[in-house]
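A.B. asks:
Residue numbers (the working numbering), protein chains in the order written: chain A, 1 to 436; chain B, 1001 to 1447.
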């Protein structure tokens, strides 16, 4: 610290903010659907986030891309409306419905005005329960998806990610892109899409968060309208994925001036007793912001990249610890050396008291800032439910961060960071790199 | 759906209207610093922003990228702070910070708990005037911006294509030059170049402090007076006049082939007027025109015809961003379906636009777009940070707070006649650049 800011900063460090972040109510609809609600009538609209566990990993092996295809069609006609009539109606209501499929979940993000809520909800209901899957919409979307697949095949970032996944999880849906391949998408039939819809949307796997201008009673009735007509059960969830990758370097030759890297090894699952400490540790290794080992060593000190980061990826059926960056072809070998050195150092020596203290202050201070807006709040609440965190997680979470010690991190570092297992996938024309 | 990958081919910002004026308070300090406070007391958090009315279009010739390079270097220490300490203090207070550079502005921001605001203001005031740079930090950071250029531009066929198209759009105005800079000039940028630029442009009479969130306007004023107040105005601040475009009389065409292109497309931009203080009507008409022609795929003129009725396109859009100090552009993109050549894709757009010019505006479609714009005023209140950005962009693009607040009403009052008149004016091929992004072994031939 320094004379100008020292006094003020020191004072502030000792009085981190304490305020009620959000006031969550648990709502149970008459039909038995549970939701978390933050009621706030300051702005006359509601943000609603619904997730269905499952997602693209439910695709049958020879129908890869079915879930993604189906997701794209939900906005393309429902009930009595064809695609253009449906879009026209939703625009007239100034509502917004977006559907996105991830590996392990299907996400429905909606926002609608208080002034026409019932009509908006009816349009969302038919998208979920009565999608038309018209032939012309299927063909239009097929063209778009094939175009995306072709573009992804020439995008170095995407190639790095899909190559890592393919090497890590052979035989599991996680190994392939959720968009599918030109072959599977080219052959996809309307029946395949209808099946994907049946497999995905069911009442046995729903998580709901809502924030904004709606009462618990109104939300309960809304949820029964919206979701009550769905089938009771969806497809069985996929099996665990076996991690098959060993330490080393894989180069995917690609003519481009800057190499793109994806690296990592296995991580910790969300319910691992060390997950929380691992999350704090990752903040110090390569988490958000500028103040972490990888940013300092690779970017700030050596100028080897514009951005680098690491993150824990706890999937339902596997857990990864990953990182990514890009460096010009002539310099990426040096960047890899620097990362390996840091990985080894943290694994062997853990982190310092100062690093842990800085991470704690950052994480505890940044946490309340996440809750900025109805959409974000609804989404966070769904994530908490899917991770099986109780409502009391929010007020106690920062205490958990503060309770982590350097000894915890030294122990967890040996589990989490395994330099000999680090595998780098490099897409580009890297120079001076030995591969295995 | 992943259709956004096409949307990233075009640089466009939704021209959302800023909302209700009653929670916005403005001040000006004696040294010229403007202050805008946007109150939102829903959460005890605040965004602190300092915007400079200086960007890439204000760079001296031959020094492309210096505005953006300087933005990076503002984190590299002052007489009070070590390199990197600015961000470290922000993080040590549980906040996050970053910065951004465009042609017309450079902005710095922190998001923190509301009771940390004064420290942020104090640190921004410090680096407005007391930057200290050494080659030890400047040279590695120059490598960082070169890597940033590789990542944003050189590693992407679409990035290179966009850069070339823009260079062809402006014959004389520095908007032709990329914000990140041309590589051969970036490689030569020095500590002295950065400090010269800093000394010229970083001063209270060239800056706007925007505080958004759980803040009291009078408290913000007091903090600003305490920390920015003592900094003298720069009497030698250059008047902000850039080289302007001459009449453009020759249509331009570019073609770029790259092995990394999987999906070719055609893109055309026309030079177009921007939003001007007290005169935003034409820009409002162009904003609505872009929504009518290529806002929503399912309901717009281009999408409805080419994606839905004829299925000749994978993706279409029209785009226009009126927030610009000098002349901006109006454009289209057409990503053709398999089997449709770029020549035909270009002809398709021309045909559909010609039909639109003959038939005029669909009043129901216009009303739908206006309804969505009214709703966006409600939705935008959910993001106080977004509103702060709207004010910052507008105020550094030559507009006033009054212009920002008048904009929603101007959009609502715009008529079909005004929209068609704006279309007649803007669709002049002499002002246009048409670009084809092609596969390397392109069988297509330029017309």
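Where is the CB? At the ideal position from N, CA and C, for every residue including glycine. Given the structure is predicted, the values throughout are model-derived calculations rather than measurements.
1. Could you tell me whether the stretch 1293 to 1308 of chain B touches the stretch 1250 to 1266 of chain B, where touching means 3 or more Cβ pairs closer than 8 Å?
2. Just by C-beta distance, which residues in the stretch 403 to 421 of chain A are closer than 7 Å to chain B?
3. How big is the Cα-Cα spacing for residue 274(A) and residue 414(A)?
4. Locate the beta strand (DSSP E) running through residue 1319(B), then write down its first and last residues.
5. Does the beta-carbon distance from residue 42(A) to residue 1042(B) come in below 8 Å?
6. Name the residue from 224(A), 250(A), 428(A) and 327(A) whose alpha carbon lies nearest to the alpha carbon of residue 29(A).
7. Does the Cβ-Cβ distance between residue 96(A) and residue 52(A) come in under 8 Å?
8. Quick one, which of 249(A), 307(A) and 278(A) has its alpha-carbon nearest residue 432(A)'s?
9. Can you name, in chain order, every residue of its own chain whose Cβ lies under 7 Å from the Cβ of residue 238(A), other than the five neighbours on each side?
10. Taking 8 Å as the threshold (beta carbon to beta carbon), is residue 1134(B) in contact with chain A?
11. Can you find the residues in the same chain that come closer than 6 Å, C-beta to C-beta, to residue 177(A), ignoring five residues on each side of it along the sequence?
12. Could you name the residues that DSSP lists as bridge partners for residue 1329(B)?
13. So if I threshold CB-CB distances at 8 Å, which residues from the stretch 1299 to 1322 of chain B count as touching chain A?
14. Please go through the stretch 205 to 249 of chain A and give each complete alpha helix (DSSP H) segment of 4 or more residues, from N-terminal end onward.
15. Would residue 1208(B) pass as a contact of residue 1039(B) if the rule is Cβ separation under 8 Å?
16. Give me, in chain order, the residues of the same chain whose beta-carbon lies closer than 7 Å to that of residue 325(A); leave out the 5 immediate sequence neighbours on both sides.
17. Distance check for residue 78(A) and residue 90(A), CA to CA, integer angstroms please.
18. Starting from the beta carbon of residue 1241(B), find every residue of chain A whose beta carbon is closer than 9 Å, and list them in chain order.
19. With a cut-off of 8 Å, do at least 3 Cβ pairs link the stretch 1322 to 1340 of chain B to the stretch 1269 to 1278 of chain B?
20. Rounded to the nearest angstrom, what separates residue 1420(B) and residue 1373(B) at their Cα positions?
21. What residues in its chain sit with their C-beta under 7 Å from that of residue 1287(B), if we drop five residues either side in the sequence?
22. Let me see if you follow: with CB-CB separation under 8 Å, is residue 203(A) close to chain B or not?
23. In this structure, does DSSP put residue 330(A) in helix, strand or coil?
24. DSSP on residue 107(A), reduced to helix/strand/coil?
25. Taking all protein chains shown into account, decide if residue 1192(B) is buried (16 or more other Cβ within 10 angstroms of its Cβ) or exposed.
26. At the level of alpha carbons, what is the spacing between residue 1120(B) and residue 1171(B)?
27. Strictly by DSSP, which residues pair up with residue 1334(B)?
28. Give me the chain A residues within the contact set of residue 1371(B), using Cβ-Cβ distance strictly less than 7 Å, ordered along the chain.
29. Can you tell me where the beta strand (DSSP E) holding residue 98(A) begins and where it ends?
30. In angstroms with no decimal places, state the Cα-to-Cα distance between residue 170(A) and residue 1331(B).
31. Going by the DSSP bridge assignment, what does residue 321(A) pair with across the sheet?
32. Mind checking who residue 112(A) pairs with in its DSSP beta bridge?
33. Check the Cβ-Cβ distances between residue 340(A) and every residue of chain E, and say whether any is below 8 Å.
34. Give the range of the beta strand (DSSP E) segment to which residue 1111(B) is assigned.
35. What residues in the stretch 1170 to 1203 of chain B bring their beta carbon closer than 8 Å to a beta carbon of chain A?
36. Following the continuous alpha helix (DSSP H) through residue 1457(B), name the residue where it begins and the one where it ends.
C.D. replies: Taking the structure as given:
1. Remark: fewer than three beta-carbon pairs, one from each stretch, lie closer than 8 Å, so the stretch 1293 to 1308 of chain B and the stretch 1250 to 1266 of chain B are not flagged as touching.
2. Listed in sequence order: no entries.
3. Approximately 11 Å, taken between the alpha carbons.
4. Here the beta strand (DSSP E) through residue 1319(B) covers 1313 to 1320.
5. Yes, the pair counts as a contact, with Cβ atoms nearer than the cut-off.
6. The shortest Cα separation from residue 29(A) among 224(A), 250(A), 428(A) and 327(A) belongs to 224(A).
7. No.
8. Of 249(A), 307(A) and 278(A), the smallest CA-CA separation from residue 432(A) is found for 249(A).
9. Contacts found: 57, 58, 173 and 317.
10. Chain A contact via Cβ: absent.
11. Within the same chain, and ignoring the five residues on either side of residue 177(A) in sequence, the residues whose Cβ sits closer than 6 Å to its Cβ are 162.
12. 1271(B), per the DSSP bridge assignment.
13. Those would be 1299, 1304, 1307, 1308, 1311, 1314 and 1315, in chain order.
14. Restricted to the stretch 205 to 249 of chain A, the alpha helix (DSSP H) segments that are unbroken, complete and at least 4 residues in length are 216 to 227, listed in chain order.
15. Not a contact, by the Cβ cut-off of 8 Å.
16. For residue 325(A), same chain residues with a beta-carbon under 7 Å away, outside a window of 5 residues either side, are 261, 298, 305, 307, 308 and 335 in chain order.
17. So the alpha carbons of these two residues sit roughly 12 Å apart.
18. One finds nothing in chain A with a Cβ atom closer than 9 Å to the Cβ of residue 1241(B); even the nearest lies about 33 Å away.
19. Here the stretch 1322 to 1340 of chain B makes contact with the stretch 1269 to 1278 of chain B; the two share three or more CB pairs at distances below 8 Å.
20. Those two C-alpha atoms are separated by around 19 Å.
21. Within the same chain, Cβ atoms closer than 7 Å to the Cβ of residue 1287(B) are found at 1015, 1320, 1322 and 1411, the five residues on either side in sequence being excluded.
22. For residue 203(A), the answer is no, since every Cβ of chain B falls outside 8 Å of its Cβ.
23. Here residue 330(A) sits in coil by DSSP.
24. If DSSP states are grouped into helix, strand and coil, residue 107(A) belongs with the strands.
25. Residue 1192(B) is exposed by the Cβ-count criterion.
26. Their Cα atoms are separated by approximately 41 Å.
27. DSSP output for residue 1334(B) lists 1266(B) and 1316(B) as bridge partner(s).
28. Neighbourhood of residue 1371(B) in chain A, by CB distance below 7 Å: 92 and 94, in chain order.
29. Run containing residue 98(A): 96 to 101, per the beta strand (DSSP E) assignment.
30. Each residue's alpha carbon lies about 44 Å from the other.
31. In DSSP, residue 321(A) forms a bridge with 265(A) and 312(A).
32. According to DSSP, residue 112(A) bridges with 46(A).
33. In the structure shown, chain E cannot be found, because the protein chains are A and B.
34. That run of the beta strand (DSSP E) goes 1106 to 1113.
35. Cβ contacts with chain A: none found.
36. Here chain B has residues from 1001 to 1447 only, and residue 1457(B) is not among them.
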